[in-house]
Structures are given as structure tokens and as C-alpha cells.
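Sequential numbering of the sequence shown, starting at 739, is according to the numbering used here. Where is the CB? At the ideal position from N, CA and C, for every residue including glycine. On a predicted model such as this, the values are computed, not experimentally measured, just so you know.
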Amino acid sequence: MLDKGRGPGGRVSTRRSESGAFDHGAQYFTARSLPFVDAVGGWAQAGVAQRWVGQFGEVDSEGLRMLPHRNLWVGIPGMSRIVAHQLEGLDVRFGAEACGLARARRGWTVQTVSGEEFGPFDHAVVAVPAPQAAELLGTVAPAFAARASCAKFAPCWSVMAAFDGSLGLAFEGLRVRSGSGISWIARDSAKPGRAAEPPERWVLHACPDWSEATIELPPDEVCGLMMRELVGLVERFGGVAATPVHLRAHRWRYARTVAPVGSPCLHEPAMSLSVCGDWCLGSRVEEAWTSGMAAAESVLASAAG
Ligand SMILES: Cc1cc2nc3c(=O)[nH]c(=O)nc-3n(C[C@H](O)[C@H](O)[C@H](O)COP(=O)(O)OP(=O)(O)OC[C@H]3O[C@@H](n4cnc5c(N)ncnc54)[C@H](O)[C@@H]3O)c2cc1C
């Protein structure tokens, strides 16, 4: 398994810093289908996932509403642990960015940007965001590349901020429906299994339109703009001013699917090729998992046949 990332996680990532860790991609996940509920139950038993019980609110032009408790799950001690747990026992190379796929009689080979070649493999599974899948599949499987190109993604700026004191807010997560840039804030340090001692750590996500409009801005500038909006929210909700001791922005160019392709995965038995990812079915962790399972079944069926 090759992954261009520095470690496990993809968009379910945890970024470490001298001020503590931040889940800067997916904040939590929900489990609705029975197979995924079962899988999450297994992760909970293994101690790598736990329910996130807290106060969650939503603010729009009419004001603040606290939301009823929902079944939200997080990885322990960070979101990326969910992925790391599933990789146990597998041969994974991080920092390996695939830039070419080739199929010959002996099987699939994968070329990476650093000039290495891996393979031959009996079966290829492409499990990357749709725009990157379209690029990789362009010459070897143009029909799949065309389908991947139909899936549309929205970007998201994510700001990680640690403060020299508590912001004194009465909620752990707030969905912002009336903001100019911010769409979500969460007290990351209040999630279960995290270091609870100071500094208090918050993750801020920007809404898709604002992220699109600012996607090429330097990260420091984005931090400034989003922090200014956060200060307004803190004042509005009776919080306390605090100074950031750590402030970073991460640009997720392909954050959430806005138009999925509508099949669990793409599979071509004659080519021993499967393609999966959240964008096949939707935009959530559960849909990524469901698509991955469908691809795994297609590989097993090919091997059996
Ligand atoms: C800001 C943000 C907030 C989110 N919030 C939520 C939420 O609250 N709840 C929820 O359920 N979901 C949320 N999501 C969505 C969720 O994270 C995704 O649906 C899910 O992680 C997708 O998993 P995936 O395996 O399909 O893709 P990814 O997680 O993107 O994994 C793809 C992997 O492929 C690797 N890769 C890409 N290109 C190459 C290449 N050329 N060569 C080698 N490796 C490559 C990447 O490094 C990555 O590890 C959020 C996502 C973001 C970004």
C-alpha cells in the first residue's frame, strides 16, 4: 500500500504540534448502516474509538440553539488512530506519491514521483480523491477517469489554534450558519482521550464558498481572517479573550464531495482494477469505509474467480 502522506489518516488526520494535537480534517463521524455500526463497535472495543459526548450548538441569523445529543464518534487519542488501526499488519509505504500506473502481462506496476517503481501486483485499487484518481487513471482506464471527473469536491480551510487561556465558551462544537468565513468551531482538547491540560485547542473550519474564494491566499493570511471572526463569536457568546500560542492553517483542496458518482465502487474484473473513496457514495467517513469494503469484495471476487 502506497500513500503520499507522512503518516496514516488522509482526511481523517491528526496533526501534532508543540501545543498538542489537532484533528484538522474530519472532526467526528457517525455510524448509520449496520455493517459500519458493527465496525465502529469493534474499534470501540479495541480502544481506538469513543463517543464524543458534549454540548453542541448551531448559530444562524435567528440566534444560538443547542442541539440534541447525537451519536458522534472520534478516534482515540486522535482521529488518525482509526486509520492506523486498520493498517496494522499491512505493508504500507508513506511518502510514496503515485504518479503513474501501468498494466502488463505480469501485473500492475506503480511509479512514484521519486522515481521508484512498485509491483507487479495482481490487482490495483485506487483509493484517492476523485480529481487525483482521474489523473492516475487517465491513460490506463479512461472510462473510470471520466466517471471520477464527474465527482465534484469543495475545498476547506482548517485553522488549528491553541490559546494561553480558556475561551470560556459553553459548548464543545458550534455549527456557524450565519458566518462570513467560519462554518464550524470545535474545542479539540475537549474530545475524549485527548490531553485535557492547557493549552485549550480549537479547530476552525471555513465554509466551502469562502474557502473556494480564498484558496490561494497564504495560510498566515487565512489564519488572520478566521481568527478575527472567531474573536467576534467569542465576544457574542460571553467568552473570554485569549491569545493564540499556536496558529496554523491547512488547505484541504479536496475536502468534501458535493456530487458523488452514486456507485459503491468502480470495478473492472477484466483489468483487475478497483477504484473507491468517499466520492463514490457521498462525503463522510462512513461512505469512504463502505466504498472501501465494496472494493475489497471486488478484489476477493476477482481472486476467487
Ligand atoms: C475539513 C474536513 C472535514 C470533514 N468533516 C467530516 C465529518 O465531520 N464527518 C465525516 O464523516 N467526514 C468528514 N470529512 C470527510 C472525511 O474525512 C472523508 O469522507 C474521508 O476521510 C474520505 O476517506 P477516503 O479514504 O475516501 O479519502 P482520503 O482520506 O482523502 O484518503 C486518500 C489517501 O490517498 C492518499 N493519496 C492521494 N493521492 C495520492 C497519490 N497520488 N499517491 C499516493 N497516495 C495518494 C492521501 O495521502 C490519503 O491518505 C471531512 C473532511 C475534511 C477534509
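Proximity of residue i and residue j at Cβ, strictly below 8 Å
i     : j     : result
A1049 : F901  : As displayed, the chain neither begins before 739 nor continues past 1043, which places residue 1049 out of reach and without an answer.
V863  : H823  : no
A872  : A886  : yes
L1019 : S1029 : yes
P746  : V821  : yes
V941  : D926  : yes
A993  : C888  : no
P815  : R939  : no
W846  : V812  : no
L874  : A836  : yes
S1010 : L1004 : no
P1007 : G970  : no
E910  : A899  : no
S916  : V797  : yes
V972  : L905  : yes
S771  : E967  : no
L975  : L907  : According to the sequence shown, residue 975 is Phe rather than Leu. Yes.
C1014 : A987  : no
A928  : G743  : no
Residue i burial status per 10 Å Cβ neighbour count (16 or more: buried)
i     : result
A921  : Looking at the sequence provided, one finds Ser at residue 921 rather than Ala. That one is buried.
Q783  : exposed
G780  : exposed
F794  : buried
E855  : exposed
H807  : exposed
E767  : Note on residue identity: the sequence assigns Phe, not Glu, to residue 767. F767 is buried by the Cβ-count criterion.
V996  : exposed
G903  : exposed
V851  : exposed
D1016 : buried
G833  : exposed
V960  : buried
M964  : buried
S799  : exposed
M739  : exposed
V775  : exposed
P956  : exposed
L829  : The amino acid occupying residue 829 in the given sequence is Asp; Leu does not appear at that position. The residue in question, D829, is exposed, as its Cβ has fewer than 16 Cβ neighbours within 10 Å.
D958  : exposed
A1026 : buried
R819  : buried
G763  : buried
R753  : buried
A884  : exposed
Presumed contact (8 Å Cβ cut-off) between residue i and residue j, rounded CB distance
i    : j     : result
H861 : S1040 : 6 Å
E751 : M817  : The displayed chain sequence assigns Ser, not Glu, to residue 751. Going by Cβ atoms, the distance from S751 to M817 rounds to 7 Å, so yes, they are a contact pair.
S757 : V983  : 6 Å
L839 : V878  : 5 Å
R749 : W990  : 7 Å
P930 : Q788  : 5 Å
Residue i CB to nearest heavy atom of ligand 3 below 7 Å
i    : result
P867 : With respect to ligand 3, the structure shown offers nothing to examine, as its ligands consist of ligand 1.
Residue i at chain C interface by Cβ criterion, 8 Å
i    : result
K890 : Looking for chain C here will not work: only one protein chain is present.
*Counting only runs of 3+ residues fully inside the region 917 to 985, write out the beta strand (DSSP E) ranges in chain order.*
920 to 925, 938 to 944
*Start-end ranges of the alpha helix (DSSP H) lying completely within the region 847 to 918, minimum 4 residues*: 868 to 875, 880 to 888
*asked:* Please give the ranges of any beta strand (DSSP E) in the region 780 to 832, keeping only runs that are unbroken, at least 3 residues long and fully inside the region.
replied: 787 to 789, 794 to 798, 801 to 804, 811 to 813
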